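Under the working numbering, the first residue of the sequence shown is numbered 6, with each subsequent residue one higher.
Yeah, the Cβ is synthetic: ideal placement off N, Cα and C, and Gly gets one too.
The model shown is predicted, which means the values in this text are computed figures rather than measured ones.
Notes follow once the structure below has been shown.
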Amino acid sequence: MNLDLFLVQKVIQSLFKNDVNVNATSLIPLDIPLTSSLKPKTKMKKNGKEKMDEMDEMDEMDEMDEMDETEKMDEMENKIQKKQEKQNSRKLLEVYSTLYDKMNDANVYVNTQKNSGCFECQETAVDIDSQIPRPKSFSSTYITPEILQYITNESKRILTFECKIKTRLIRLHFVIFKNNPNMNDLISHYKVLAHRVYMWLSMISDKSKCVETLNIYVYLTPFEKKIPASKGQAIGPENANTGYTFRCDKQNEIVIYRQEEWFKVLMHETMHAFGADFDDSERREQADEYLKTLFSLPDDVNIKLSETYSEIWARIMNVVFQTYFKSPPSLESRTLYKFKKNIDFYLHLECVFSLYQCIKILDYMGINYEVLTDDSESSKQMVTSFYRENTNVFAYYVLTSILLNNYRDFLPWCANHNGAGLNIFKVKTTKSEFVKFIKSCYKKSDLLKQIVDTEKKVVGDYKKASTNRVLLKTMRMTIVGFD
Numbered sequence: 006m007n008l009d010l011f012l013v014q015k016v017i018q019s020l021f022k023n024d025v026n027v028n029a030t031s032l033i034p035l036d037i038p039l040t041s042s043l044k045p046k047t048k049m050k051k052n053g054k055e056k057m058d059e060m061d062e063m064d065e066m067d068e069m070d071e072m073d074e075t076e077k078m079d080e081m082e083n084k085i086q087k088k089q090e091k092q093n094s095r096k097l098l099e100v101y102s103t104l105y106d107k108m109n110d111a112n113v114y115v116n117t118q119k120n121s122g123c124f125e126c127q128e129t130a131v132d133i134d135s136q137i138p139r140p141k142s143f144s145s146t147y148i149t150p151e152i153l154q155y156i157t158n159e160s161k162r163i164l165t166f167e168c169k170i171k172t173r174l175i176r177l178h179f180v181i182f183k184n185n186p187n188m189n190d191l192i193s194h195y196k197v198l199a200h201r202v203y204m205w206l207s208m209i210s211d212k213s214k215c216v217e218t219l220n221i222y223v224y225l226t227p228f229e230k231k232i233p234a235s236k237g238q239a240i241g242p243e244n245a246n247t248g249y250t251f252r253c254d255k256q257n258e259i260v261i262y263r264q265e266e267w268f269k270v271l272m273h274e275t276m277h278a279f280g281a282d283f284d285d286s287e288r289r290e291q292a293d294e295y296l297k298t299l300f301s302l303p304d305d306v307n308i309k310l311s312e313t314y315s316e317i318w319a320r321i322m323n324v325v326f327q328t329y330f331k332s333p334p335s336l337e338s339r340t341l342y343k344f345k346k347n348i349d350f351y352l353h354l355e356c357v358f359s360l361y362q363c364i365k366i367l368d369y370m371g372i373n374y375e376v377l378t379d380d381s382e383s384s385k386q387m388v389t390s391f392y393r394e395n396t397n398v399f400a401y402y403v404l405t406s407i408l409l410n411n412y413r414d415f416l417p418w419c420a421n422h423n424g425a426g427l428n429i430f431k432v433k434t435t436k437s438e439f440v441k442f443i444k445s446c447y448k449k450s451d452l453l454k455q456i457v458d459t460e461k462k463v464v465g466d467y468k469k470a471s472t473n474r475v476l477l478k479t480m481r482m483t484i485v486g487f488d
């Protein structure tokens, strides 16, 4: 696993000082205990202990008879909430087991594909501009002229892999901008990465009716996503975007133009390419309008739920891959127990970082979460005056952070609505149901408390900006990755 170690150090220092869930002296501990919600439940036999439990329940009912109506309602709501939490914990375990099985199956499948010559790497040194592979859609809509020029002038080598994944021909082009004196080491490194890319492609493409051929272009440029230098500027593609594709095209292509977060971005774009997300090309639905009643956004902000859905799954699966490949490479040592034991740690790290990014961006715009979620006229006027985006900032940084910080509910929700099997990624419900789920999460008391704490951290970091410049400037969406 590769981390931006300097960024991680700053995040640990700033975000996790008082967090008992994170060991700051050892970023990725090997012996993280299972939380109570992840421990396997053992079924009690019908014995004296169970009878005692039943008697306790009867006592609770007697106590409720003595309460007034308001207290009874509160008590009933608490019981329902606790029951839902238990159900979600069990369902979360099932989802983890499903993802673990999918990873194992994909690993075995891609290993068998190697026998057909899938991972024969074609290596080309770039001598002239025409040798650089370019997609048909190459344009400056998302890619800045500076990055386009850099690709033209600084490309050094191309590594191309070609493989059939369940009848689909998929080409993967890595464009490299550094000369490596040891080409064997370089090719070996990218073979490992290509293996992981094709693992994911075998998972996300399963049973999809989209895409017959796919060309993936990964330009590993050094340009990082950063918040605008001056307040008042709208956050746009140069600050927040890393790739693009086309939803469900038969002859499709994915273009990624930064090394930063390239693997997570590839997952995000494949959610679109294989039609696993919502179709935002359809007419605006009531759900879109209802979402605007939860958040005081300007009328011209187009909330694309497909972007949020693709992004939350990309971040979760990025963590799944980090967790899976953290273990030794043999399947025997890569156990379900180790997988479950570590996945919550990585997700917790991403939750805290995503909330920091969300609050930092709102602060940059001159607003906060309380104002954003307040339906008063004064709040609406304030947000309308200050909120500016030229890309899907709200979908990427705000909605995704809300969902990620409720992943223990989101994953069971997906299992219940999409099915817990092979197609758990593929959305099979309506936007209205998705918005209802967002509504159930966005003002939870524990989330609001975390937001208040994070706002204090952001203010504190700006006061000591000389020591936290990296954390304050970065617009990356994840803290762990293969980049």
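Could you have a look at residue i and say whether DSSP puts it in helix, strand or coil?
i	result
Ala400	helix
Met317	The amino acid occupying residue 317 in the given sequence is Ile; Met does not appear at that position. Helix, per DSSP.
Phe179	strand
Ile348	helix
Asn410	coil
Ile232	coil
Thr328	helix
Ile261	strand
Tyr295	helix
Leu341	helix
Val485	strand
Leu225	coil
Asn490	The first residue shown for the chain is 6 and the last is 488, placing residue 490 beyond what the model contains.
Tyr249	strand
His275	Position check: residue 275 holds Thr in this sequence, whereas His was assumed. Looking at Thr275 - three-state DSSP - the assignment turns out to be helix.
Arg173	strand
Glu290	coil
Ile429	coil
Glu217	coil
Gln256	strand
Ile456	helix
Taking 8 Å as the threshold (C-beta atoms), are residue j and residue i in contact?
i	j	result
Phe268	Ala199	no
Thr226	Ile429	no
His277	Ser311	yes
Phe399	Arg201	no
Tyr374	Ile317	no
Asn323	Met272	yes
Glu159	Phe182	yes
Leu408	Cys446	yes
Lys433	Asn423	yes
Leu210	Lys171	Checking the sequence, you will find Ser at residue 210 rather than Leu. Going by C-beta atoms, Ser210 is nearer than 8 Å to Lys171.
Met208	Val115	no
Arg320	Met482	yes
Leu427	Lys214	no
Asp488	Glu243	no
Ile372	Met387	yes
Tyr314	Asp282	yes
Lys448	Thr378	yes
Asn189	Leu219	no
Val306	Glu394	yes
Val440	Tyr295	yes
Tyr222	Pro140	yes
Ser301	Asp380	yes
Glu99	Ala425	yes
Asn184	Lys161	yes
Thr389	Pro303	yes
Leu360	Thr459	yes
For residue i and residue j, which I take to be in contact (beta-carbon distance under 8 Å), what is that distance rounded to the nearest angstrom?
i	j	result
Thr250	Ile259	4 Å
Glu348	Tyr101	Looking at the sequence shown, residue 348 is not Glu but Ile. Between Tyr101 and Ile348 the Cβ distance is about 6 Å, and since that is below 8 Å, they are a contact.
Tyr155	Phe344	At roughly 39 Å, the Cβ-Cβ gap does not stay under 8 Å, so Tyr155 and Phe344 are not in contact.
Glu217	Arg173	6 Å
Asp134	Thr157	6 Å
Leu153	Ser142	About 13 Å separates the two Cβ atoms, so there is no contact after all.
Taking all protein chains shown into account, decide if residue i is buried (16 or more other Cβ within 10 angstroms of its Cβ) or exposed.
i	result
Val197	exposed
Leu39	The pLDDT assigned to Leu39 is 36, lower than 50, so where the model puts this residue is not dependable; a value taken from the coordinates is nonetheless given after this. Classification for Leu39: exposed.
Arg95	exposed
Lys462	buried
Ile443	buried
Leu341	exposed
Glu151	exposed
Asp284	exposed
Gln238	exposed
Thr275	buried
Gln362	buried
Taking 7 Å as the cut-off, is the beta-carbon of residue i closer than that to any non-hydrogen atom of the ligand FMN?
i	result
Phe279	What this structure holds is no ligand at all, so the ligand FMN is not there to describe.
Start-end ranges of the beta strand (DSSP E) lying completely within the region 125–169, minimum 3 residues | 127–130
If you scan the region 351–383 from start to end, which runs of the alpha helix (DSSP H) of 4 or more residues do you find wholly inside it?
-> 374–377
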